Amino acid sequence: MLLISLLSFITLQAQTKQIKILSSEQTIFGDEKFPGAQILIGNVKMRHEGVTLDCKQALYYKDKNLFKAVGEVVIEQGDSIIQYSDFANYNGNTKKATSWGNVEVNDKEMQLKTDTLHFNRTEQILYYPNHGTIKDKKNTLKSNKGTYYLKDKKFSATTNVTVVNPDNFLESDHLDYYTNSQLAYLYGPSTVTNLKDSTKVYSERGFYDTNTDVSYFVKNAKLFLKDRTVSADSLYYDKRKGFASATNRIKVIDTVQNMVTKGNYAELYELKDSLFIIKRAVSISVMDKDSMYVHGDKILVTGKPEKRIVRIFNNVKIFKENLQGKCDSIHSSQETGVTRMFKDPILWSGKSQITGDSIQLLNNKETNKLDSLKVLLNAFIIQKDSLAKDNFNQIKGRNIYGKFEKNDLKTMLVKGNAESLYFNRNEDTQKLETITKEIASDIEFTLKDNEIEETKYFKKTEGKTFPPSEFPETERKFRGFLWRGDEQPLTMEDIFVKDNTKTKSKKANIPEVVKKAKQQFIDETQKKPRAKFDIKNLGDK
C-alpha cells in the first residue's frame with residue numbers, strides 16, 4: 002500500500018506543476034492565523050503553466066499548491082484574456098480559479114463584468130453563477146447565469162437573458178451567443194423586439210443574427226407586425242428586407258380587417274404589404290360566430306389594411322354554415338367590400354343552388370357582415386324536390402339581387418325575363434298536386450330558414466298550373482338547367498377536396514436563403530455536446 006501511495010504521489014506531482022512565486026515585497030512564514038501558508042505582501046506576482054497573477058497580498062499554501070489573492074487582482078492567460086477582481090483563489094493542481102468582487106474579464110472579442118467568476122483552465126471555460134454583463138462591438142448581453150467557452154468564443158447564458166443593441170432588444174430563457182460572429186442560438190422562450198417600429202419575433206428554438214437582423218425559428222414561431230400576426234412551425238425573417246417565409250401550420254391574423262389566412266407555405270413582403278400562401282391555403286373572414294372559409298390553390302393578399310385586396314386562384318371553394326360556393330378564382334376588395342367570383346361560379350344557400358355568369362358578394366364595411374348578393378347574366382336558382390329526385394323548383398332570369406340579414410339570405414329579386422317553375426305539394430300529405438309555370442318581368446321572393454316562403458310576380462305576362470300528369474316532360478327543366486349538388490361542400494373540410502381529380506402534392510418552392518438558414522441551425526445544434534462545468538469542483542471561495 003505504501004508503494005502504491007508513493008507511486009500515486011509521484012504521478013500526481015509529474016502531472017501538476019508547482020505554483021511559482023515571482024515577486025513580493027515581504028514574505029511571512031509560520032503565522033498562527035494562517036497555518037501552513039506563506040503570507041505575501043506588496044506587488045505579489047505568481048506564475049503557473051502560462052498564467053500569471055498579480056495582487057497586493059496573498060496566501061500561498063505550497064503543500065496544497067493553492068494561492069489566495071487579495072486586492073487589485075489581475076490574472077493574465079497569454080494574450081487570450083486578462084481578468085480583474087478584488088479577490089481570487091487559484092488551485093494549481095486543478096487549474097481552477099474563483100474570483101469575486103468587481104470581476105472584469107477582457108479578450109479581443111468582449112468584456113465580461115460580474116460579481117463572482119469561476120475559471121476552469123483545463124476546459125478553457127468561464128462561469129458566472131449570479132448576474133453577468135457581456136459587451137462586444139455590437140451587443141450588450143446580460144443574464145443571471147452564464148458560461149463562456151474561450152475556444153469557441155461562445156456564451157451559453159440562462160435565466161433572464163437579454164441582448165441589446167441600438168436597433169433590437171432580445172429576451173430569452175436560454176441562448177448561446179458567439180462574440181466573434183454576433184450570432185445567437187435560442188433554446189427557450191425568446192422574443193426579439195425592433196426598437197424602431199416595435200416589430201416582434203417570438204420562438205422557443207432557432208437562431209438570430211444580430212448583424213443582419215435575420216432570424217430562423219423552428220418551434221412556436223410568431224411574427225408580430227403592425228397589422229398582422231404570423232405563426233408557423235418554422236419561420237425565416239429578414240427584418241431589413243421586410244421578407245418572411247413560413248412553413249407548416251401557418252396562421253396569419255389580420256388584426257385590422259379581422260381576417261385569418263392559413264396554409265402550409267407562405268411568403269410575406271412587409272414593405273410591399275403583400276402575402277402569398279399555398280398548400281391547403283384558406284382565408285377565414287370572422288363574422289360573429291359564423292365565419293366564412295374560402296380555399297384555393299393560391300392566396301395573394303396585397304395592399305394597405307384599408308385598401309387590402311384578396312385574390313384566390315384555382316379550385317376555389319367557400320364554406321359558411323348557411324352559404325357555400327365554388328368557382329375558379331375570387332377577387333375581394335376591402336375598400337369596396339365587393340367579392341367577385343369568376344368562371345363557373347355557384348352558390349348554395351340552404352336548399353337553393355344559385356348560378357350565373359358572374360356572382361358578387363357585398364359586405365357592409367362598417368359591420369364586416371354580408372350585406373347583399375348580385376348574380377349577373379343567366380341567373381338561375383334551383384331547389385331539388387325532397388320527395389322526387391327528378392323534380393326541381395326553378396327560378397330563372399337575367400340578373401338576381403339578394404339581401405342578407407344577420408348574415409342570412411332573406412330576400413331575392415329576379416330582374417328581367419323572369420321565369421319560375423314550382424312543384425306544389427299538399428302541406429299535410431306531401432303529395433304532388435300541381436305544377437305551376439310562370440313568366441314575368443321580375444320575381445321577388447323571401448326566405449325563411451333558407452327556404453322560399455313567399456313569392457311576388459311583377460308584370461306577369463303568362464302563367465299556368467297543370468296537374469302533374471298533364472305537364473309536358475320536356476318542360477320540367479328550363480333551358481340551361483344544370484344540377485351540381487354533388488359539388489357542394491357540406492363541411493368545412495370539404496373545401497380541401499378536389500372534385501373528380503387526383504392531384505399529387507407539390508413541394509413548396511422554398512427560397513435558397515431559407516434552406517441555408519435551416520441548414521446553419523441544424524449544423525450548429527448537432528455539434529458535439531458542450532463540456533460540463535461542475536461548480537462543485539471549482540476553487541474554494
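Offset between the sequence shown (1-based) and my numbering: plus 1. Think of the CB as a built atom: it goes at the ideal place given N, C-alpha and C, for glycine as much as any other residue. Note that the structure is a prediction, hence the values are computed from the model and not measured.
**Q.** Sheet register partners of lysine 321 (DSSP bridge)
**A.** Looking at the DSSP output, lysine 321 sits in a beta bridge with Leu324.
Q) Does DSSP put methionine 493 in a helix, a strand or coil? A) Assignment of methionine 493 by DSSP, reduced to helix, strand and coil, places it in the helix class.
(Q) With H, G and I counted as helix, E and B as strand and the rest as coil, what does DSSP make of threonine 256? (A) Look at threonine 256 here: in three-state DSSP terms it is coil, with no helix or strand label.
Q: For arginine 279, collect the residues of the same chain with a Cβ closer than 8 Å to its Cβ; drop the 5 residues on either side in sequence, then sort them by chain order.
A: Looking at the sequence shown, residue 279 is not arginine but isoleucine. So the qualifying residues of the chain are Gly264, Asn265, Tyr266, Ala267, Asp298, Lys299, Ile300 and Ala509.
Q: Put threonine 356 into one of helix, strand or coil per three-state DSSP.
A: Note: threonine 356 maps to strand in three-state DSSP.
**Q.** Per DSSP, cross-strand counterpart(s) of arginine 206
**A.** Within the DSSP secondary-structure output, arginine 206 pairs in a beta bridge with Lys220.
Q) Residues in its own chain within less than 8 Å of phenylalanine 343 by CB, not counting five upstream and five downstream? A) Leaving aside the five residues that flank phenylalanine 343 on each side, the residues in its chain whose CB is nearer than 8 Å to its CB run, in chain order, Cys328, Asp329, Ser330, Ile331, His332 and Ser359.
Q: Use the C-beta contact count for valine 283: other C-beta atoms within 10 angstroms, 16 or more gives buried, fewer gives exposed.
A: By the neighbour-count criterion, in which 16 or more other beta carbons inside 10 Å mark a residue as buried, valine 283 falls on the buried side.
(Q) Since valine 339 and isoleucine 313 should fall inside the 8 Å C-beta cutoff, what is the C-beta to C-beta distance between them, to a whole number of angstroms? (A) Their Cβ separation, rounded to whole angstroms, is 14 Å, which puts valine 339 and isoleucine 313 out of contact at 8 Å.
Q. From tyrosine 179 to alanine 245, what distance separates their C-alpha atoms?
A. Spanning the two alpha carbons is a distance of roughly 24 Å.
Q) Excluding five sequence neighbours on each side, which residues of the same chain lie with their C-beta closer than 7 Å to the C-beta of lysine 109? A) Short of 7 Å from the beta carbon of lysine 109, and not among the five residues preceding or following it, lies no beta carbon of its own chain.
**Q.** Three-way DSSP call (helix, strand, coil) for glutamine 19 in this model
**A.** Reduced to three states, the DSSP call for glutamine 19 is coil.
Q) By how many angstroms is the C-alpha of lysine 352 removed from the C-alpha of tyrosine 209? A) Cα-Cα distance, rounded: 54 Å.
Q: Report all residues from its chain with a CB closer than 6 Å to the CB of glutamate 322; omit the five preceding and five following residues, and keep chain order.
A: By the criterion of a C-beta distance shorter than 6 Å, glutamate 322 is surrounded in its chain by Asp291, once the five residues flanking it on both sides are discounted.
(Q) If you measure between the beta carbons of glutamine 361 and glutamine 489, is that distance less than 7 Å? (A) No, the Cβ-Cβ distance between glutamine 361 and glutamine 489 is not below 7 Å.
(Q) Could you compute how far the alpha carbon of proline 547 sits from the alpha carbon of serine 182? (A) This structure does not reach residue 547, given that the chain is present from 2 up to 542, and the question cannot be answered.
Q) Quick one, are the C-beta atoms of leucine 196 and alanine 185 less than 7 Å apart? A) Contact: no.
**Q.** Cβ pair tyrosine 129, threonine 115 closer than 7 Å
**A.** At a Cβ-Cβ threshold of 7 Å, tyrosine 129 and threonine 115 count as neighbours.
Q: Round the Cβ separation of valine 104 and isoleucine 82 to the nearest angstrom and send it over; I've been treating them as touching at under 8 Å.
A: Contact doesn't hold; Cβ gap of about 12 Å is too wide.
Q) Going along the chain, which residues of its own chain have a beta-carbon closer than 7 Å to the beta-carbon of glutamate 452, five neighbours each way excluded? A) Cβ neighbours of glutamate 452 beyond the five flanking positions: Gly351 and Lys352.
Q | aspartate 153 versus lysine 517 - alpha carbon distance | A | Distance between the alpha carbons of aspartate 153 and lysine 517 is about 22 Å.
**Q.** Cβ-based neighbour list, asparagine 427, same chain, cut-off 6 Å, excluding 5 preceding and 5 following
**A.** Answer for asparagine 427: Glu434, listed in chain order.
Q. Out of curiosity, what's the CA-to-CA distance linking lysine 503 and arginine 281?
A. Confidence at lysine 503 is low in this model, with a pLDDT of 43, below 50, so the placement of that residue should be treated as unreliable; the coordinate-derived value is given next. Those two C-alpha atoms are separated by around 15 Å.
Q.
Pop quiz: valine 74 and aspartate 87 are said to be a contact at Cβ under 8 Å. What is the actual Cβ separation, rounded to whole angstroms?
A. Going by Cβ atoms, the distance from valine 74 to aspartate 87 rounds to 7 Å, so yes, they are a contact pair.
Q. Which residue comes first and which comes last in the beta strand (DSSP E) that contains methionine 111?
A. 111-121 is the extent of the beta strand (DSSP E) around methionine 111.
Q) Cα separation between serine 286 and asparagine 425? A) Taking the straight line from one Cα to the other gives about 38 Å.
Q: Verify whether the separation of the beta carbon atoms of serine 421 and isoleucine 401 is less than 7 Å.
A: No, these two residues do not count as a Cβ contact at 7 Å.
**Q.** Distance between tyrosine 458 and asparagine 392 (C-alpha atoms, nearest Å)
**A.** So the two alpha carbons sit approximately 22 Å from each other.
Q) Are the CB atoms of asparagine 92 and leucine 118 nearer to each other than 7 Å? A) Their beta carbons are not under 7 Å apart, which means asparagine 92 does not touch leucine 118 by this criterion.
Q: Quickly, what does DSSP pair threonine 447 with across the bridge? List them, please.
A: Per DSSP, the beta bridge partners of threonine 447 are Thr412 and Glu455.
Q | Which of helix, strand or coil DSSP assigns to aspartate 487 | A | The answer is helix: DSSP assigns aspartate 487 an H, G or I state.
Q | Identity of the residue in Asn221, Lys438 and Thr256 nearest arginine 250 by Cα | A | When Asn221, Lys438 and Thr256 are compared, the shortest CA-CA separation from arginine 250 is found for Asn221.
Q: Please classify leucine 272: does DSSP put it in a helix, a strand, or coil?
A: Correct three-state label for leucine 272: helix.
Q.
In the DSSP assignment, the beta strand (DSSP E) including tyrosine 229 goes from what residue to what residue?
A. The residue you asked about is not tyrosine; residue 229 is arginine in the sequence shown. Run containing arginine 229: 229-233, per the beta strand (DSSP E) assignment.
Q | Within 7 Å, strictly: CB atoms of valine 415 and glycine 403 | A | No, they are not a contact pair.
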